[in-house]
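Residue numbers for the sequence shown follow this note's numbering, so the first one is 1 and each next one is one higher.
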Amino acid sequence: MAFKQILSILLGIVFIVFAALQYNDPDAAIWIAIYLLAAIFSFLVSLNRISQAVLLSAFAAYAVGAVFFWPEKWEGLAIGGGDIKNIEEAREFLGLALTSASMLTFALLNRSKARLHPRKPVYRQRKWAN
1 MAFKQILSIL LGIVFIVFAA LQYNDPDAAI WIAIYLLAAI FSFLVSLNRI
51 SQAVLLSAFA AYAVGAVFFW PEKWEGLAIG GGDIKNIEEA REFLGLALTS
101 ASMLTFALLN RSKARLHPRK PVYRQRKWAN
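This is the structure in structure tokens:
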């Protein structure tokens, strides 16, 4: 198994765990969808079934989301250390930053062209002797 496949499978599992941890969040549906989409992209990378353009688009979308969720004031990640809104935004920022970095890494590792459909085998025509 190649490095790209191992990394993409491990990160796919991590993103599934991240999605599962969102069940008690007030906006759980959005975050579960975000992390499950990242997991699907990761597993498609391991199968070499996703194009570099899709990965770069996902990178851009996750990066924009990470910038959007940058907290007004960094107060850490632990509850009780500051304003809960800033802590929640910091966690959301880090999750989106990780997914963004993962998609960029996959795009850089995905140099070969992804094939959505396998190539058709080429058969030689035999000349039959009479």
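For every residue, glycine included, the Cβ atom is placed at its ideal position computed from N, Cα and C. Here the structure is a predicted model, which is why all the values come from computation and not from measurement.
Cβ neighbour criterion (16 or more within 10 Å) applied to residue i
{"i": "V67", "result": "exposed"}
{"i": "L108", "result": "exposed"}
{"i": "M1", "result": "exposed"}
{"i": "N24", "result": "exposed"}
{"i": "E72", "result": "exposed"}
{"i": "W31", "result": "buried"}
{"i": "F15", "result": "buried"}
{"i": "A33", "result": "exposed"}
{"i": "T50", "result": "In the sequence on display, residue 50 carries Ile and not Thr. Flag for I50 reads buried."}
{"i": "I87", "result": "buried"}
For residue j and residue i, the rounded distance between their alpha carbons
{"i": "S46", "j": "P26", "result": "32 Å"}
{"i": "Y62", "j": "F3", "result": "23 Å"}
{"i": "Q22", "j": "F69", "result": "16 Å"}
{"i": "L37", "j": "R111", "result": "21 Å"}
{"i": "T105", "j": "Q52", "result": "11 Å"}
{"i": "L55", "j": "M103", "result": "6 Å"}
{"i": "E92", "j": "L44", "result": "24 Å"}
{"i": "E89", "j": "I13", "result": "23 Å"}
{"i": "A29", "j": "A20", "result": "11 Å"}
{"i": "L94", "j": "N48", "result": "27 Å"}
Enclosing alpha helix (DSSP H) for residue i [first to last residue]
{"i": "Q22", "result": "That residue, Q22, is in no alpha helix (DSSP H); it is neither H nor E in DSSP."}
{"i": "A2", "result": "Taken as a continuous stretch (DSSP letters only), A2 belongs to no alpha helix (DSSP H), as it is neither H nor E."}
{"i": "S51", "result": "Element bounds for S51: n/a, residue is neither H nor E."}
Residue closest to residue i, alpha-carbon to alpha-carbon, out of the options
{"i": "F41", "options": "S8, A29, K4, E89", "result": "S8"}
{"i": "A101", "options": "S57, A29, A33, R49", "result": "S57"}
{"i": "Y35", "options": "A53, F18, R49, S51", "result": "F18"}
{"i": "L96", "options": "F59, R111, K85", "result": "F59"}
{"i": "L98", "options": "V54, V64, I50", "result": "V64"}
{"i": "L11", "options": "A29, A39, A28", "result": "A39"}
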